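**Q**
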DNA sequence: TTTTGGTACTTTGTGATACAAGGTATTATA
DNA sequence: TATAATACCTTGTATCACAAAGTACCAAAA
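Residue numbers (the working numbering), protein chains in the order written: chain A, 83 to 192; chain B, 83 to 192.
1. Any chance the region 168-176 of chain B sits against the region 128-148 of chain B, with 3 or more Cβ pairs inside 8 Å?
2. Here's the rule I'm using: 16 or more other beta-carbon atoms within 10 Å means buried, otherwise exposed. How should residue 134 (chain B) be labelled?
3. In angstroms, rounded to a whole number, what distance separates the CA positions of residue 179 (chain A) and residue 178 (chain B)?
4. Return the chain-ordered list of same chain residues with a C-beta closer than 6 Å to the C-beta of residue 172 (chain A), the five sequence neighbours on each side being excluded.
5. Hey, could you find the ends of the alpha helix (DSSP H) residue 191 (chain B) is sitting in?
6. Is it a yes or a no for the region 149-164 of chain B touching the region 121-132 of chain B, going by three-plus beta-carbon pairs under 8 Å?
7. So, at 7 Å on beta carbons, what are the nonlocal neighbours of residue 111 (chain A) in its own chain, with the 5 sequence-adjacent residues on each side left out?
8. So what's residue 156 (chain B) in DSSP terms, helix, strand or just coil?
9. To the nearest angstrom, how far is the alpha carbon of residue 121 (chain B) from that of residue 157 (chain A)?
10. Taking Cβ positions only, does residue 105 (chain A) come closer than 8 Å to chain B?
11. Name the one or two DSSP bridge partners that residue 187 (chain B) has.
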């Protein structure tokens with residue numbers, strides 16, 4: 083098992099992705115490719131094969147809904163929208179994230 | 083699939099565990115039960131079935147070594163010690179953690 | 001001296017999930 | 001009517017955290 087700097091980042095972000103998606107959709111609705119672009123801009127690379135099943139899982143959990151919209155530049159886009167339940171979940175995740183940051187900080191103390 | 087607050091925390095910390103272990107062992111050598119105690123004190127619950135294989139993986143990667151030590155209170159303990167390679171890895175992880183915190187922060191900006 | 005309880009290390013099976021790779025479908029343009 | 005670009009989806013694989021059960025050592029009580 084290799085352990086390059088890239089692998090370290092990949093490892094570390096596991097489980098945080100779901101949080102990122104909800105955070106993005108809490109700002110504005112978006113379709114998958116746009117979400118990937120925003121993640122890339124924030125320095126977190128995600129591939130389609132990861133994102134699509136994740137969006138479907140969150141939709142099935144009632145955290146998101148979606149609607150189709152025509153595009154002038156290709157096939158129709160599936161715009162995802164965060165739901166009330168999704169916002170509740172996001173609030174929990176905000177809390178969990180704060181705690182995780184605190185936990186790491188505590189562990190670093192000598 | 084349930085999604086309690088506890089599950090959220092569990093999900094989120096995936097991949098961060100390895101970082102936590104190296105951070106603890108960078109302060110002082112320790113055996114598994116003591117590591118679990120320190121994690122619990124920092125609000126991160128981990129069970130034996132998770133920790134032992136993880137320590138073995140890190141040892142096999144050359145990040146840790148160990149030595150046996152007698153105990154007055156039961157069977158001998160396996161004390162793990164971080165290696166030079168482990169410290170290098172930890173430095174990379176410190177960087178990756180900083181970036182991840184930054185990434186989340188960026189995604190939260192409207 | 002046998003049993004009991006506590007401590008510590010280990011293994012097996014399961015479910016979740018990120019990714020690589022490949023596939024389908026729509027639209028515009030050459 | 002190809003071709004390229006865009007967009008969505010699926011399958012197979014590897015990894016990993018966890019639950020649960022097992023093994024081994026030691027000391028103190030019965």
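Backbone N, C-alpha and C define an ideal beta-carbon position, used for all residues, glycine too. Treat the numbers as computed from the prediction; the structure is a model and nothing was measured.
**A** In this structure, then:
1. yes
2. exposed
3. 16 Å
4. 104, 108
5. Note, residue 191 (chain B): premise wrong, no alpha helix (DSSP H); not H, not E.
6. no
7. 161, 162, 163
8. strand
9. 49 Å
10. yes
11. Residue 187 (chain B) is not bridged to any residue.
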